[in-house]
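Enquirer:
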Amino acid sequence: MTELLRRYPVQLNSYCKALSGRSSAVAKLYLPDLRELENPGLEADGLAELEQSPVPNLIRRYRDRAVLLTTSECFVRCRFCFRKRLWADGAARFSLSDENLDQVCEWLDRNREVDDILLSGGDPLVLNDDRVVHLATRIRAAGNVRTVRICSRAPAVEPRRITEQLTERLSVIDGLWFVTHFNHPDELTPESEAALKRLVSHGIPVLNQSVLLKGVNDDAETLRRLFKGLSALRVKPHYLFHIDPVEGVSHFATGVEKGLAILEDFRYTLSSLATPAFAIDLPRGAGKVVLVPDCAGKNGYRSSVTGEYVDHPLARTGGGQRR
Numbered sequence: 000m001t002e003l004l005r006r007y008p009v010q011l012n013s014y015c016k017a018l019s020g021r022s023s024a025v026a027k028l029y030l031p032d033l034r035e036l037e038n039p040g041l042e043a044d045g046l047a048e049l050e051q052s053p054v055p056n057l058i059r060r061y062r063d064r065a066v067l068l069t070t071s072e073c074f075v076r077c078r079f080c081f082r083k084r085l086w087a088d089g090a091a092r093f094s095l096s097d098e099n100l101d102q103v104c105e106w107l108d109r110n111r112e113v114d115d116i117l118l119s120g121g122d123p124l125v126l127n128d129d130r131v132v133h134l135a136t137r138i139r140a141a142g143n144v145r146t147v148r149i150c151s152r153a154p155a156v157e158p159r160r161i162t163e164q165l166t167e168r169l170s171v172i173d174g175l176w177f178v179t180h181f182n183h184p185d186e187l188t189p190e191s192e193a194a195l196k197r198l199v200s201h202g203i204p205v206l207n208q209s210v211l212l213k214g215v216n217d218d219a220e221t222l223r224r225l226f227k228g229l230s231a232l233r234v235k236p237h238y239l240f241h242i243d244p245v246e247g248v249s250h251f252a253t254g255v256e257k258g259l260a261i262l263e264d265f266r267y268t269l270s271s272l273a274t275p276a277f278a279i280d281l282p283r284g285a286g287k288v289v290l291v292p293d294c295a296g297k298n299g300y301r302s303s304v305t306g307e308y309v310d311h312p313l314a315r316t317g318g319g320q321r322r
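Numbering (numbering that gives the first Met the number 0), first residue to last: 0 to 322.
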């Protein structure tokens with residue numbers, strides 16, 4: 000355990016500590032597990048983010064969007080974190096400097112096909128209000144940027160951070176979205192629900208990303224409760240991710256078949272409003288792939304009402320052959 004805590008230290012705030020005491024599933028998100036030291040040939044930067052960084056702390060994997068790492072700090076350290084490299088082994092801490100921000104904005108001015116920026120980290124909301132608003136406003140004005148997404152676990156792990164003052168200041172930034180991260184329905188506490196309602200009531204669209212985690216939320220009923228709870232709060236479940244191919248997290252892997260089975264269950268039990276896309280991020284920076292159950296067969300298309308295959312003549316391609 001000493002080696003584990005040296006390599007991947009525990010950081011747990013009072014809110015999540017109390018929640019972990021009430022929920023064994025939530026506790027698995029934050030408490031150390033010796034299986035984190037298992038490494039089946041994985042790399043710390045398995046998604047090749049460093050290789051796809053044209054200027055420091057900016058990651059550009061896709062033509063039209065990029066991720067800006069605003070800080071290495073978080074409110075808590077999630078054991079399934081795909082950027083464990085930012086805090087493993089006593090890694091040097093950082094926050095985006097004004098000089099670095101200037102470099103990023105100059106790069107955006109030259110690369111105008113990039114119009115969507117995700118402010119990530121770490122967690123941007125560990126920074127103070129002035130800094131968060133400054134970063135979002137400056138990036139929104141750079142190049143051809145039209146949308147800015149603030150990606151933060153704050154509503155789930157430090158809901159009091161979502162203050163009336165902060166939401167009012169963010170709400171006037173054109174093109175701003177908020178992306179949060181709930182993994183289990185036990186995280187939907189009165190405090191976290193109040194934080195989400197505050198964001199939505201100020202007109203800020205909110206998406207949620209979850210990770211499919213073995214032993215935590217890898218069953219349809221648990222995720223259905225989560226996604227129904229979020230959609231009732233007007234938070235759209237956006238992605239359900241398979242665990243990423245980075246070292247220190249392999250014990251959370253379920254395999255994609257588990258996710259596809261859960262998605263197949265959702266076809267009958269969960270509305271499209273509450274159903275996220277199931278995706279897997281490929282190694283070496285090859286990008287995400289959205290996975291869906293195979294609902295087409297030689298006898299037609301599977302009904303979401305009866306489960307039987309039903310023919311649809313207008314879905315056929317030339318010569319009556321179905322592809």
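Even glycine gets a Cβ: it sits at the ideal position worked out from N, Cα and C.
Taking only runs of the alpha helix (DSSP H) that begin and end inside the region 174-202, which ones reach a length of at least 4 residues, in chain order?
Expert: 189-200
Enquirer: Under three-state DSSP, which class holds Asp-264?
Expert: helix
Enquirer: Classify Leu-4 as buried or exposed, calling it buried when 16 or more other Cβ atoms lie within 10 Å of its own Cβ.
Expert: exposed
Enquirer: For the alpha helix (DSSP H) that Lys-16 lies in, which residues bound it at each end?
Expert: Unbroken alpha helix (DSSP H) run through Lys-16: 13-21.
Enquirer: Residue range of the alpha helix (DSSP H) that Leu-229 falls in?
Expert: 219-231
Enquirer: Considering only the alpha carbon of each residue, which of Glu-167, Pro-244, Pro-236 and Ser-230 lies closest to Asp-44?
Expert: Ranking Glu-167, Pro-244, Pro-236 and Ser-230 by CA distance to the CA of Asp-44 puts Pro-244 first.
Enquirer: Taking only the alpha-carbon atoms, compute the straight-line gap between Leu-262 and Phe-277 and give it to the nearest angstrom.
Expert: Approximately 8 Å, taken between the alpha carbons.
Enquirer: Which residues bound the beta strand (DSSP E) around His-133?
Expert: Residue range 128-140 is occupied by the alpha helix (DSSP H) that includes His-133, with no beta strand (DSSP E) assigned at that position.
Enquirer: Does the distance from the C-beta atom of Leu-68 to that of Gly-120 stay below 9 Å?
Expert: yes
Enquirer: Helix or strand or just coil, what does DSSP make of Asn-99?
Expert: helix
Enquirer: Cβ atoms of Arg-148 and Leu-206: under 9 Å apart, would you say?
Expert: yes
Enquirer: Would you call the region 192-206 in contact with the region 227-234, where contact means no fewer than 3 C-beta pairs closer than 8 Å?
Expert: yes
Enquirer: Considering Cα atoms alone, identify which of Ala-24, Pro-55 and Arg-84 is closest to Val-248.
Expert: Arg-84
Enquirer: In terms of residue numbering, what span does the alpha helix (DSSP H) encompassing Ser-170 cover?
Expert: 163-170
Enquirer: Kindly indicate which three-state DSSP category Thr-70 falls into: helix, strand or coil?
Expert: DSSP places Thr-70 in strand when its eight states are reduced to three.
Enquirer: For Thr-70 and Pro-154, which I take to be in contact (beta-carbon distance under 8 Å), what is that distance rounded to the nearest angstrom?
Expert: Contact doesn't hold; Cβ gap of about 18 Å is too wide.
Enquirer: So, at 7 Å on beta carbons, what are the nonlocal neighbours of Ile-161 in its own chain, with the 5 sequence-adjacent residues on each side left out?
Expert: For Ile-161, where only same-chain residues beyond five positions count, the Cβ hits under 7 Å are Ala-153, Pro-154, Ala-194, Arg-197 and Leu-198.
Enquirer: Exposed or buried, what is Thr-274 when buried is set at 16 or more other beta-carbons lying within 10 Å of its beta-carbon?
Expert: buried
Enquirer: To which residues does DSSP link Ile-58 through a beta bridge?
Expert: Val-66
Enquirer: Here's the rule I'm using: 16 or more other beta-carbon atoms within 10 Å means buried, otherwise exposed. How should His-180 be labelled?
Expert: buried
Enquirer: Is the region 107-119 touching the region 128-146, taking contact as three or more C-beta pairs under 8 Å?
Expert: yes
Enquirer: In chain order, what residues of the same chain have a beta carbon less than 7 Å from the beta carbon of Thr-2, not counting five sequence neighbours either side?
Expert: It is worth fixing the name first, because residue 2 is Glu in this sequence and not Thr. Leu-36, listed in sequence order.
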